[in-house]
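K.L.:
One structure, as structure tokens, below. Some questions next.
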Amino acid sequence: MSVGELLAATVPMVRTLGLEFLEATAERAVLRLPDRPDYHNHVGGPHAGAMFTLAESASGAIVLAAFGDQLQRAVPLAVKAEIGYTKLAKGIVTATATLGRPVADVVAELDAGERPEFPVAVTLTREDAAVTGEMTVIWTLRPHS
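Each residue of the sequence shown is one higher than the one before, starting from 1 at the first, in my numbering.
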């Protein structure tokens with residue numbers, strides 16, 4: 001099962017918004033939010049909540065791609081997120097996520113009995129490639145008790 005299929009199967013909001021998974025690797029995750037009138041805000045673009053969910057889902061996709069082999073001993077959890085909206089988004093919006101730390105460093109902390117934290121940076125763009133927002137999500141791998 002692909003990362004996109006896993007998230008669509010286990011996260012109802014992914015299905016609700018119809019998020020499209022274009023890429024999900026340990027290096028990069030790219031998701032797209034379709035342009036649907038039901039998701040529009042008062043200025044005709046995607047609602048901020050839909051864009052937040054898109055960006056957070058992209059961050060989750062890269063975390064699963066990078067650390068899926070650690071799920072038997074730890075659960076990935078978002079610790080906090082910060083988003084900034086910089087330009088009006090119209091039409092299809094794409095989220096591109098990248099890890100802020102090397103996978104090996106995070107796994108080494110987990111191996112040492114620690115609960116590692118790591119940032120995931122997400123850029124939101126519209127179809128003309130203009131950046132409409134940026135998000136940083138801090139994730140942790142919480143060891144199973």
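Glycine included, every Cβ here is placed at the ideal spot set by N, Cα and C.
Since we're looking at a predicted model, the values are computed, not measured.
Exposed or buried, which one is Ser59 when buried takes at least 16 other CB atoms within 10 Å?
P.N.:
Translated into positions along the sequence shown, residue 59 becomes position 59. The residue is buried, with at least 16 neighbouring Cβ atoms inside 10 Å.
K.L.:
Please classify Thr140: is it buried, with 16 or more other beta-carbons within 10 angstroms of its beta-carbon, or exposed?
P.N.:
Walking along the sequence shown from the start, residue 140 turns up at place 140. Burial call: buried.
K.L.:
Taking the runs of the beta strand (DSSP E) that are 3 residues or longer, which of them lie wholly in the stretch 52 to 98?
P.N.:
If we require 3 residues or more, the beta strand (DSSP E) runs fully inside the stretch 52 to 98 come out as 74 to 85.
K.L.:
From Val43, Asp35 and Phe52, pick the residue whose C-alpha is nearest to that of Met13; which is it?
P.N.:
One-based indexing of the sequence shown puts residue 13 at position 13. For the residues Val43, Asp35 and Phe52, the minimum Cα distance to Met13 belongs to Phe52.
K.L.:
DSSP state of Leu114, grouped into three classes?
P.N.:
One-based indexing of the sequence shown puts residue 114 at position 114. Just to set this straight, residue 114 is Glu in the shown sequence, not Leu. Correct three-state label for Glu114: coil.
K.L.:
Are the stretch 41 to 51 and the stretch 104 to 119 in contact at 8 Å, needing three or more beta carbon pairs?
P.N.:
Touching, no.
K.L.:
Given a threshold of 16 other Cβ atoms within 10 Å of its Cβ, counted over all protein chains shown, does Val106 qualify as buried or as exposed?
P.N.:
As a working note, residue 106 is residue 106 in the sequence shown. Buried, because 16 or more other Cβ atoms sit within 10 Å of the Cβ of Val106.
K.L.:
Starting from Thr147, follow the beta strand (DSSP E) in both directions and report where the run begins and ends.
P.N.:
Here the chain covers residues 1 to 145 and nothing more, so residue 147 does not appear.
K.L.:
DSSP three-state label for Val11, please.
P.N.:
Here residue 11 corresponds to residue number 11 of the sequence shown, with the count starting at 1. Three-state result, Val11: coil.
K.L.:
Where Thr25 and Val3 are concerned, what is the direct C-alpha to C-alpha distance, given to the nearest angstrom?
P.N.:
The count along the sequence shown starts at 1 and reaches residue 25 at position 25. The count along the sequence shown starts at 1 and reaches residue 3 at position 3. Taking the straight line joining both Cα atoms gives about 9 Å.
K.L.:
Under three-state DSSP, which class holds Leu19?
P.N.:
Position 19 of the sequence shown, counting from 1, holds the residue named residue 19. Of the three classes helix, strand and coil, the one that applies to Leu19 here is coil, per DSSP.
K.L.:
With a cut-off of 8 Å on the beta carbons, I'd call Ala55 and Ile83 a contact; round off their distance for me.
P.N.:
Mapped onto the sequence shown, residue 55 falls at position 55. Mapped onto the sequence shown, residue 83 falls at position 83. About 6 Å separates the two Cβ atoms, so the contact holds.
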